[in-house]
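Engineer: Here you go, one structure.
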Amino acid sequence: MDQVILSLAKGFNPEKIVKGFFVAGLLMYCAFALIIVRQTGVMSETIEAKYNGVLRAFAWIHLLMAVGLVAVAVVIL
Amino acid sequence: MPDVYTARKTGEPEPPIPTVPLPVREEAIGKVLEPLSEERSPDYWRKITDRVLREAGESPRRVVYGAYHVRPRERFIMQQQDEEIVLLLRAHPITNAGWMVMVLVMLIIPSLLSVIGIFGGVDWRFVFMGKMAWYLVITAVAFEKFLYWYYTLFLVTNERLVDIDFNNLLQRVMTYANLNHIEEPTMMTGGFIRSLFQYGDVHITTASEAPTIEALAVPWPHKVIDIISRLSEELEKRRERGE
Chain X
186 MDQVILSLAK
196 GFNPEKIVKG
206 FFVAGLLMYC
216 AFALIIVRQT
226 GVMSETIEAK
236 YNGVLRAFAW
246 IHLLMAVGLV
256 AVAVVIL
Chain A
1086 MPDVYTARKT
1096 GEPEPPIPTV
1106 PLPVREEAIG
1116 KVLEPLSEER
1126 SPDYWRKITD
1136 RVLREAGESP
1146 RRVVYGAYHV
1156 RPRERFIMQQ
1166 QDEEIVLLLR
1176 AHPITNAGWM
1186 VMVLVMLIIP
1196 SLLSVIGIFG
1206 GVDWRFVFMG
1216 KMAWYLVITA
1226 VAFEKFLYWY
1236 YTLFLVTNER
1246 LVDIDFNNLL
1256 QRVMTYANLN
1266 HIEEPTMMTG
1276 GFIRSLFQYG
1286 DVHITTASEA
1296 PTIEALAVPW
1306 PHKVIDIISR
1316 LSEELEKRRE
1326 RGE
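Same order as they appear, the protein sequences are chains X and A. Quick note on numbering: the first sequence equals residues 186 to 262 in this note's numbering. Quick note on numbering: the second sequence equals residues 1086 to 1328 in this note's numbering.
Here it is as structure tokens:
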């Protein structure tokens, strides 16, 4: 039992845990960004406004930025 | 006693269904149908709307950063064929000042904390990722607030009032009220900011399922009520003529 605890303590790396939280949080944020994309689509169906295309594009760019940030977090952290 | 029902024996053919010949307009055969009268032409209500706007002192224009748009060319969901948007209203842009200030403060916070030195002992990679995530969240907050403002609309058409609200991320609530069902349009203004920027609330009591329909913080509420009242009168005249 003591050997098991010692081996776990040696493998304990707080940076990995923080990285895990970062990546998990950013993945949840990607889900939120996806909802924003869907929301923009629903809203732009309501009225054919002048800036519907711009707003939908911005929602997609935001989603891509979120996904990109997940990739950056996995690589550099 | 007359026979009400005569049973048919098996194998007998069904009696033919008696048909009543439709009356034929002899004068219509071979002739081109006459054009619609003026009251039923599509341009008629456009002219009526032109007159209403002229009398109310309005003309097609888009002002206050799109919060007050007369005769917009946009179409909305479930708009009918002969329906035209007369007024497209949003909340006055000054109502966005609160969240804009909040976003500006949020943008400055990481720099302030860096200057203070809170991130002194933290690995630069985590500081960088934290800042990027923070700015992304700010972007989402600002975008959400803008979307709520841009797509929360109050429409006045030549037939009805349409109130479009977004309660949360994916829930859209659309309330309609026909112009001939409205009863008491009222406006409410007050306060320094509202008087300065000339915006207020419009409340309309209706005889339909939605008892009150509201347009909150719209520019020039007195003009809105004037136009709604005039359009309602025109619709009432049309109803009296039997159209």
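All C-beta atoms in this analysis are idealised placements derived from N, C-alpha and C, irrespective of residue type, glycine included.
Classify residue 1147 of chain A as helix, strand or coil using the three-state DSSP reduction.
Structural biologist: Taking the first residue of the second sequence as 1, we reach residue 1147 of chain A at position 62. In this structure, residue 1147 of chain A counts as strand in the three-state DSSP scheme.
Engineer: Give the interface partners of residue 1224 of chain A over in chain X, defined as CB-CB distance under 7 Å, in chain order.
Structural biologist: Against the second sequence, residue 1224 of chain A aligns to sequence position 139. Ordered by position in chain X, the residues that pass the 7 Å Cβ test against residue 1224 of chain A are 247.
Engineer: Is any beta-carbon of chain A found at less than 8 Å from that of residue 243 of chain X?
Structural biologist: Within the first sequence, numbered from 1, the residue matching residue 243 of chain X stands at position 58. By this cut-off, residue 243 of chain X is an interface position.
Engineer: Around the C-beta of residue 1285 of chain A, are 16 or more other C-beta atoms found within 10 angstroms, so that it is buried, or is it exposed?
Structural biologist: For this step, residue 1285 of chain A is matched to residue 200 along the second sequence. The residue is buried, with at least 16 neighbouring Cβ atoms inside 10 Å.
Engineer: Return yes when the C-beta of residue 1169 of chain A is under 7 Å from any heavy atom of the ligand ZN, and no when it is not.
Structural biologist: Looking at this structure, you won't find the ligand ZN or any other ligand, since it has none at all.
Engineer: I need the DSSP call for residue 1117 of chain A, collapsed to helix, strand or coil.
Structural biologist: As a position in the second sequence, residue 1117 of chain A is number 32, starting the count at 1. For residue 1117 of chain A, the predicted structure reports a pLDDT of 48, less than 50, and the residue's modelled location is therefore unreliable. The matter cannot be settled from this model.
Engineer: How far does the beta strand (DSSP E) with residue 214 of chain X in it reach, from first residue to last?
Structural biologist: Here residue 214 of chain X refers to the residue found at position 29 when the first sequence is read from its first residue. That residue, residue 214 of chain X, is in no beta strand (DSSP E); its alpha helix (DSSP H) goes 199-231.
Engineer: I need the DSSP call for residue 1181 of chain A, collapsed to helix, strand or coil.
Structural biologist: By 1-based counting over the second sequence, the position of residue 1181 of chain A is 96. Residue state, collapsed to three classes: helix.
Engineer: List the whole-angstrom C-beta distance separating residue 1307 of chain A from residue 1291 of chain A, where the pair is believed to meet the contact cut-off of C-beta under 8 Å.
Structural biologist: On the second sequence, position 222 is the one that residue 1307 of chain A refers to. On the second sequence, position 206 is the one that residue 1291 of chain A refers to. 20 Å between Cβ atoms; not a contact.
Engineer: When you compare the CB of residue 1257 of chain A with every CB in chain X, is at least one pair closer than 8 Å?
Structural biologist: Locating residue 1257 of chain A in the second sequence gives position 172, counting from the first residue. Yes, its Cβ sits closer than 8 Å to a Cβ of chain X.
Engineer: So, with DSSP's three-state summary, where would you put residue 250 of chain X?
Structural biologist: Position 65 of the first sequence holds residue 250 of chain X. DSSP places residue 250 of chain X in helix when its eight states are reduced to three.
Engineer: Between the C-alpha atoms of residue 1278 of chain A and residue 1320 of chain A, what's the straight-line distance to the nearest angstrom?
Structural biologist: As a working mapping, residue 1278 of chain A is identified with position 193 in the second sequence. As a working mapping, residue 1320 of chain A is identified with position 235 in the second sequence. Straight-line Cα distance between these residues: approximately 36 Å.
Engineer: With a 10 Å radius around its C-beta and 16 neighbouring C-beta atoms as the bar for buried, classify residue 1244 of chain A as buried or exposed.
Structural biologist: Translated into positions along the second sequence, residue 1244 of chain A becomes position 159. Residue 1244 of chain A comes out buried.
Engineer: I need the straight-line Cα distance from residue 1311 of chain A to residue 1156 of chain A, nearest angstrom please.
Structural biologist: For the purposes of this step, residue 1311 of chain A is taken as the residue at position 226 of the second sequence. For the purposes of this step, residue 1156 of chain A is taken as the residue at position 71 of the second sequence. So the two alpha carbons sit approximately 15 Å from each other.
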